[in-house]
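Colleague: Here it is, the structure in full.
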Amino acid sequence: MPSDPVELTKQIKAASDIVAVVGSYINVTPAGKTFKAVCPFHNDTRPSLDVDPQRQRYKCWSCGAQGDVFAFVQ
């Protein structure tokens, strides 16, 4: 295990599938190359949250929330 926090962060990100992490909190559905979900960060009624497994990032097109697996869990 690396003692460098930056390297450890990179390893955790590489080992974590953002779709699986987000999907453990909310329902995600496939939408082409990405996944869609109802955003948990604001009062959402339509699936405005995109989860991109290739970039390992999420973004809400309504409220602007975005980030990686760490930001979502925080």
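Those letters in the sequence shown? Residues 0 to 73, per numbering that gives the first Met the number 0, in order.
Heads up, the beta-carbon is just placed ideally off N, CA and C, and yes, glycines get one too.
Taking the alpha carbon of ASN42 as the reference point, which residue from ARG54, CYS59, GLY31 has its own alpha carbon closest?
Modeller: Per the Cα distances, CYS59.
Colleague: When you compare each of PRO29, VAL5, ILE11, THR8 to PRO52 by their alpha carbons, which one comes out closest?
Modeller: Measuring from the Cα of PRO52, the nearest candidate turns out to be PRO29.
Colleague: Using 10 angstroms around the beta-carbon of ILE17, count the other beta-carbons present and answer buried if the total reaches 16, otherwise exposed.
Modeller: With 16 or more other Cβ atoms within 10 Å, it is buried.
Colleague: Taking the DSSP output, what are the residues bridged to ASP51?
Modeller: DSSP lists ARG56 as partners of ASP51.
Colleague: Tell me which residues share the same chain as ILE25 and place their Cβ nearer than 6 Å to its Cβ, disregarding the 5 neighbours each side in the sequence.
Modeller: Cβ neighbours of ILE25 beyond the five flanking positions: ALA36, PRO39.
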